[in-house]
Structure formats: structure tokens, C-alpha cells
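Below is one structure; the comments refer to it alone.
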Ligand code: SF4
Ligand code: SF4
């Protein structure tokens with residue numbers, strides 16, 4: 004059985020689109036839903052049919068704020084920019100997806116693993132801590148050189164400067180005091 008959602012024009016909530024339109028570098032409503040972006044997208048091709056930049060734009064146009072922001076699919080985009088290169092209307096799906104991620108982060112709608120990954124970057128300077136054990140595996144199994152220790156203090160200062168720590172709610176989640 005297929006489930007179809009009827010959307011009445013009178014119920015369309017354009018607030019999310021309006022949040023975008025203020026600082027987008029292109030006309031979101033120029034998108035005519037041709038699907039070239041989705042047809043070109045490697046995530047849509049290999050990562051599952053559900054991911055679709057065309058559909059993300061459609062949901063924004065239909066005002067379905069919750070469906071867009073609570074959709075973990077917005078975190079799958081690899082920012083390869085193929086969709087942007089091929090769009091006949093000069094719409095830029097990666098720009099839209101970055102903005103959606105920023106809005107979702109501000110509203111603390113993050114995939115479960117994201118705060119931990121962000122905390123690692125802010126603590127160790129890497130997405131995952133690389134210690135003696137990991138370096139040994141790199142050397143013995145993969146013949147790779149030891150990874151240099153990142154300058155985590157500088158990384159943390161830079162992250163704080165651009166407010167990355169605020170965006171990922173680092174202090175609340177790690178219990179670090181203001
Ligand atoms: S963003 Fe561009 S390529 Fe994608 S559906 Fe809209 S007009 Fe087509
Ligand atoms: S930038 Fe994102 S949405 Fe666009 S083709 Fe690449 S993975 Fe897909």
C-alpha cells in the first residue's frame with residue numbers, strides 16, 4: 004500500500020525557505036524538480052534511494068520543516084558538488100544542505116554519533132583518537148607511517164573562534180564549564 008500525503012496550499016509553511024532565501028546565493032524557487040541532481044548524486048546512487056537532493060528541495064518548498072530537519076539524510080551528502088555542476092537552473096543543493104545542517108545543529112537535532120565526533124575533534128584534533136595502539140596497527144598491518152600528534156589546542160581555539168563548539172553544544176554535552 005502506498006502512503007500519500009496531501010498538502011494543501013493553504014497549509015504550506017514557507018518559513019524554512021524564507022530563512023534560506025535571506026542569504027542564499029541563488030533562487031531556490033528556480034528549481035523545477037527535474038531530478039538531474041538526484042540522478043547525478045553518488046550518495047543517491049550507492050547509499051540508498053531515500054537520499055535525494057531534489058526531494059530535500061521539494062520538502063523545503065512545501066514547508067515541511069520537520070521532515071527536512073529531522074531527516075538524518077541531510078548528513079549523508081559528501082559535498083562533491085556534482086549536483087550543483089549539473090543543475091540546469093543554477094540551484095546549489097550543497098549550499099542548501101550546509102544551511103540545513105547549521106539550522107539543525109543550532110536546534111540540537113544532530114545524529115547520535117555527531118556530538119561524540121565533534122568532541123573528539125575539539126579534544127584530540129581528530130575525529131578519532133589515534134594513540135600508540137592505532138599507530139602500531141598502521142605500521143604493522145598497513146605499512147603506514149605514524150600519524151603526527153595534532154596541535155589540539157590550536158584546533159580548539161580555531162573551532163571556538165568560528166563557534167563550532169557552540170554549534171555542536173560541546174560544553175553542555177561534555178560537562179565543561181563556561
Ligand atoms: S536542483 Fe536543479 S537539478 Fe535538482 S531538481 Fe532542481 S532544477 Fe533539477
Ligand atoms: S553534493 Fe551532496 S547532494 Fe550533491 S551530488 Fe554530491 S553528495 Fe549528492
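Numbering (the working numbering), first residue to last: 4 to 181. For every residue, glycine included, the Cβ atom is placed at its ideal position computed from N, Cα and C.
Annotation: residue 113 to residue 146 spans about 36 Å, alpha carbon to alpha carbon. For residue 149, the closest C-alpha among the options 138, 134, 155 is that of 138. Taking C-beta atoms under 8 Å as the contact rule, residue 59 and residue 46 fail to qualify, at a distance of about 11 Å. For residue 169, the enclosing alpha helix (DSSP H) stretches over residues 167 to 170.
For residue 77, the shortest separation between its Cβ and any heavy atom of ligand 2 does not lie below 7 Å. For residue 67, the three-state secondary structure derived from DSSP is coil. Restricted to the region 122 to 168, the alpha helix (DSSP H) segments that are unbroken, complete and at least 4 residues in length are 135 to 145, 155 to 164, listed in chain order. Counting only beta-carbon distances shorter than 7 Å to the non-hydrogen atoms of ligand 2, the qualifying residues in chain order are 40, 43, 44, 45, 46, 47, 56, 80, 81, 82, 83, 84, 85, 86, 87, 96, 97, 100. By the criterion of at least three beta-carbon pairs nearer than 8 Å, the region 96 to 115 is in contact with the region 66 to 80. At a Cβ-Cβ threshold of 8 Å, residue 108 and residue 97 do not count as neighbours. The beta carbon of residue 60 sits closer than 7 Å to at least one heavy atom of ligand 1. Taking C-beta atoms as the reference points, residue 158 and residue 128 count as a pair closer than 8 Å. Contact between residue 55 and residue 39 is ruled out by a C-beta separation of about 12 Å, above the 8 Å threshold. With at least 16 other beta carbons inside 10 angstroms of its own, residue 57 counts as buried. When the five nearest sequence neighbours on each side are left out, the beta carbons in the same chain lying within less than 6 Å of the beta carbon of residue 100 are those of 77, 80, in order along the chain. Between residue 106 and residue 22, the C-beta gap is smaller than 8 Å, which places the two residues in contact. The C-beta of residue 65 has 16 or more other C-beta atoms within 10 Å across all chains shown, which makes the residue buried. No residue range can be given for residue 91, since it is assigned to no alpha helix (DSSP H) and is classified by DSSP as neither H nor E.
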